[in-house]
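First up is the structure itself, then whatever we jot down about it.
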Amino acid sequence: VAGGRVVVHLNQSYVLVEVHHDATAGDSYGVEGYFLRRTPKRLKGESGQDSEEAYSNRFLCIPKKVPYRPPRVTPLPTINGVQPALVVGPSGNEIWVDKYGRVKVQFYWDRQGKKDENSSCWIRVSQPWAGRNWGGIWNPRIGQEVIVDFLEGDPDRPIITGRVYNAEQMPPYALPANQTQSGFKSRSSKGGGSENFNEIRFEDKKGAEEILIHAERNLSTTVEANESRSVGGKRTTAIKKDETLVVSDGNRKETLEKGNDTLEIWQGNRDVTLMKGNDSLMAQTGNIEVKAPAGTHSTSALKVEINGSATVNITCGGSSIKMTPGTIDITSPLINIKGGLVKINC
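Residue numbers 89 to 434, in the numbering used here, belong to the letters of the sequence shown in order.
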């Protein structure tokens with residue numbers, strides 16, 4: 089009842105779990121032998137004199153539908169410090185996690201567990217970064233050793249805070265020989281072996297510094313804006329199959345400031361198609377030479393123009409045509425001129 093009105097959602101059955109009684113008696117009388125009411129009322133004692141007596145109580149109750157649990161008598165168990173454990177899961181699996189990235193473990197002191205999915209509850213794993221659908225994640229795999237801590241020492245609130253190597257799970261790089269190397273090396277699953285992995289490795293040995301990236305299968309890189317690369321020495325790219333370069337909107341420019349540009353095709357064809365626009369090849373100083381020692385050089389166009397500001401030479405064996413701005417010399421063992429109409433103006 090609140091303000092004389094019935095609160096509907098509170099109008100239900102309750103279980104009384106605690107009652108506190110308060111009683112007040114006059115100076116000359118005790119409370120024994122009296123019927124004490126909840127509200128103050130003057131009562132007559134054995135002497136017939138009025139005495140101010142009062143009674144009130146306070147109680148604590150819970151809804152009847154809530155299971156009653158008696159107060160704990162023994163203190164809560166606690167675990168001080170951390171515990172090492174092995175990540176476990178169903179037989180035949182290499183990785184076993186739930187949608188929260190939790191795993192199951194078996195502690196070394198557990199003699200009843202069978203190192204399967206029933207060896208423990210799901211345990212959260214500390215990650216390098218944890219945002220809402222973003223961050224970093226490295227799922228511990230079955231057989232790896234982890235360090236388990238307990239929030240506020242509560243055995244019912246375990247959390248994995250670290251991972252450690254041991255004699256059966258050794259580091260990816262031989263130590264101490266490679267003590268200057270660090271990085272990440274994974275293992276393909278299921279059924280991957282020592283030759284199946286992705287890797288990012290840093291070599292910090294003075295004079296031999298290196299960043300190595302290995303993709304076991306595909307390497308995908310996406311740049312939303314611009315990409316810049318600077319190579320202080322040599323660059324080598326080896327491709328076993330196909331390469332495709334697409335510039336969808338913009339220009340492509342290659343600048344060779346000093347040195348030679350060589351394109352070699354050992355077997356196959358080279359096709360250059362210009363759908364719309366012009367093609368220009370210019371040698372500011374030097375020569376342009378096109379050779380086909382065992383083939384044919386063909387030029388096909390609506391119009392063909394050959395311009396030489398000083399000389400134009402066409403040579404085939406012992407025959408030649410030489411043109412200068414003032415002369416044309418034709419030399420051949422035999423010259424045939426055929427035409428429906430031939431005009432020679434002198």
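Built from N, CA and C at the ideal position, the CB exists for glycine as well.
Task: Residues of its chain near THR127, where Cβ-Cβ distance is below 6 Å and the 5 sequence neighbours each way are ignored - done: Start at 1 with the first residue of the sequence shown, and residue 127 comes out as number 39. At THR127 the pLDDT is 47, less than 50, meaning the model places this residue with poor confidence and gives no usable figure here.
Task: According to DSSP, residues forming a beta bridge with GLU106 - done: By 1-based counting over the sequence shown, the position of residue 106 is 18. LEU148, per the DSSP bridge assignment.
Task: Other residues of its chain near LEU148: CB distance less than 6 Å, five sequence neighbours each side excluded - done: If you number the sequence shown from 1, residue 148 lands on position 60. Cβ within range, chain order: VAL105 and GLU106.
Task: Residues sharing a beta bridge with GLN194, DSSP - done: As a working note, residue 194 is residue 106 in the sequence shown. DSSP, once it has assigned bridges, lists LEU174 as partnering GLN194.
Task: Distance between beta carbons of ILE418 and ILE432, contact taken as under 8 Å - done: If you number the sequence shown from 1, residue 432 lands on position 344. If you number the sequence shown from 1, residue 418 lands on position 330. Not a contact, Cβ separation roughly 13 Å.
Task: Terminal residues of the beta strand (DSSP E) in which VAL185 lies - done: In the sequence shown, the residue the question calls residue 185 occupies position 97. From DSSP, VAL185 is part of no beta strand (DSSP E); its letter is neither H nor E.
Task: Residue range of the unbroken beta strand (DSSP E) whose run includes ASN401 - done: Residue numbering aside, residue 401 sits at position 313 when the sequence shown is read from its first letter. From DSSP, the beta strand (DSSP E) with ASN401 extends over 400–404.
TODO: Measure the alpha-carbon distance for VAL170 versus HIS302 and round it to whole angstroms.
DONE: Translated into the one-based positions of the sequence shown, residue 170 becomes position 82. Translated into the one-based positions of the sequence shown, residue 302 becomes position 214. Roughly 35 Å separates the two Cα atoms.
Task: Straight-line gap, GLY356 to SER214 (C-alpha atoms, nearest Å) - done: Residue mapping note: residue 356 aligns to position 268 of the sequence shown, counting from 1. Residue mapping note: residue 214 aligns to position 126 of the sequence shown, counting from 1. Rounded to the nearest angstrom, the two C-alpha atoms are 55 Å apart.
Task: For ALA265 and ILE235, the rounded distance between their alpha carbons - done: Along the sequence shown, read from residue 1 onward, the residue named residue 235 stands at position 147. Along the sequence shown, read from residue 1 onward, the residue named residue 265 stands at position 177. Each residue's alpha carbon lies about 27 Å from the other.
Open item on the list: Any heavy atom of the ligand PLP inside 7 Å of the beta-carbon of GLN269?
Closed with: No copy of the ligand PLP appears in this structure; indeed no ligand is present at all.
- [ ] Please classify LEU75: does DSSP put it in a helix, a strand, or coil?
- [x] No answer is possible for residue 75: it lies beyond the span of the chain, which begins at 89 and ends at 434.
Task: Straight-line gap, LYS153 to MET258 (C-alpha atoms, nearest Å) - done: For the purposes of this step, residue 153 is identified with residue 65 of the sequence shown, where counting begins at 1. For the purposes of this step, residue 258 is identified with residue 170 of the sequence shown, where counting begins at 1. So the two alpha carbons sit approximately 55 Å from each other.
Open item on the list: Considering Cα atoms alone, identify which of ARG245, ASN181 and LYS202 is closest to ARG212.
Closed with: As a first step, residue 212 is located in the sequence shown; it is residue number 124 there, counting from the start. When only C-alpha atoms are compared, the closest one is ARG245.
- [ ] Would you mind reading off the limits of the beta strand (DSSP E) that contains GLU287?
- [x] For the purposes of this step, residue 287 is taken as the residue at position 199 of the sequence shown. In the DSSP assignment, GLU287 falls within the beta strand (DSSP E) that extends over 287–291.
Open item on the list: Between PHE238, SER270, PRO260 and ARG358, which has its C-alpha nearest ASN284's C-alpha?
Closed with: Numbered from its first residue, the sequence shown carries residue 284 at position 196. Taking the Cα of ASN284 as reference, the smallest distance to any Cα among PHE238, SER270, PRO260 and ARG358 is reached at PRO260.
- [ ] Answer with buried or exposed for SER207, where buried requires no fewer than 16 other C-beta atoms within 10 angstroms of its C-beta.
- [x] On the sequence shown, residue 207 is found 119 positions in, with the first residue counted as 1. Buried, because 16 or more other Cβ atoms sit within 10 Å of the Cβ of SER207.
TODO: Please look up how many angstroms separate the CB atoms of LYS293 and THR268, rounded, as I've assumed it's under 8 Å.
DONE: One-based indexing of the sequence shown puts residue 293 at position 205. One-based indexing of the sequence shown puts residue 268 at position 180. In this structure LYS293 touches THR268 by the C-beta definition: roughly 4 Å separates them, less than 8 Å.
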